[in-house]
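A.B. asks: Got a structure for you, questions after.
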Amino acid sequence: MSSVAIGEKYAQATADISRRAAYYAVPESDPEQHTVPAGEAWLLLGAVAIATTTADVGNRTLQLQVVDAAGDVFYQTAVNTNIAASQTDASQSFLLEGPATASGGVVALAKGIIVPEGMTVQVVDAAAIEATDTFELKLMVERQLFGE
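Take 261 as the starting number for the sequence shown in this note's numbering and just add one per residue.
As structure tokens, then:
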């Protein structure tokens, strides 16, 4: 912590208010993604993707990605677990210290992934089986706030 001068006195900071945990529920528009607002960066702590898939044959392979405004991938998780066709509300979790191999709908999330302002965290089907499948993304992040 650092001290702040107030008049001729110095005050010692007792808490770092520039960082705090935050939960982001499924957004109404673009439910498969969240974009970091201006003045923030996010440290990814965990995510849950909810998939509803059509009857089109093929296993969906969900990945969590961080992309820039042009859609270029900055980071993506490995693909560990498949989601079959005709599923409703099938979940896939992305966790720090997650398993290195397929394990009951849980995929490892790398430690220390900081997402800068303007970049987007999204969930995608890496297999691209069916465009009408729907995905919803919930995130747990540490918000890192900074001034302009």
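Positions of the beta carbon are idealized from the N, C-alpha and C atoms, including for glycine. Keep in mind it's a predicted model, so treat the numbers as computed, not measured.
For a test of the three-state rule: what should DSSP assign to Gln293, helix, strand or coil?
C.D. replies: strand
A.B. asks: Could you check how far apart the C-beta atoms of Thr313 and Ala345 are, in whole angstroms? I think they sit under 8 angstroms.
C.D. replies: That belief holds up - the Cβ atoms of Thr313 and Ala345 are roughly 6 angstroms apart, short of 8 angstroms.
A.B. asks: CB-CB under 7 angstroms to Glu292, same chain, minus the five flanking residues each way: which ones, in chain order?
C.D. replies: Gln382, Val383, Phe395, Glu396, Leu397
A.B. asks: Could you tell me how far apart the beta carbons of Val367 and Thr337 are, in whole angstroms, since I believe they sit closer than 8 angstroms?
C.D. replies: 5 angstroms
A.B. asks: Can you tell me whether Leu405 is buried or exposed, with buried defined as 16 or more other CB within 10 angstroms of its CB?
C.D. replies: exposed
A.B. asks: Express the C-alpha separation of Asp290 and Glu390 in angstroms, rounding to a whole number.
C.D. replies: 17 angstroms
A.B. asks: Using three-state DSSP, classify Thr314 as helix, strand or coil.
C.D. replies: Looking at Thr314 - three-state DSSP - the assignment turns out to be coil, as it is neither helix nor strand.
A.B. asks: Per DSSP, which residues does Asp385 bridge with? Please list them.
C.D. replies: Leu322
A.B. asks: Using three-state DSSP, classify Ile373 as helix, strand or coil.
C.D. replies: coil
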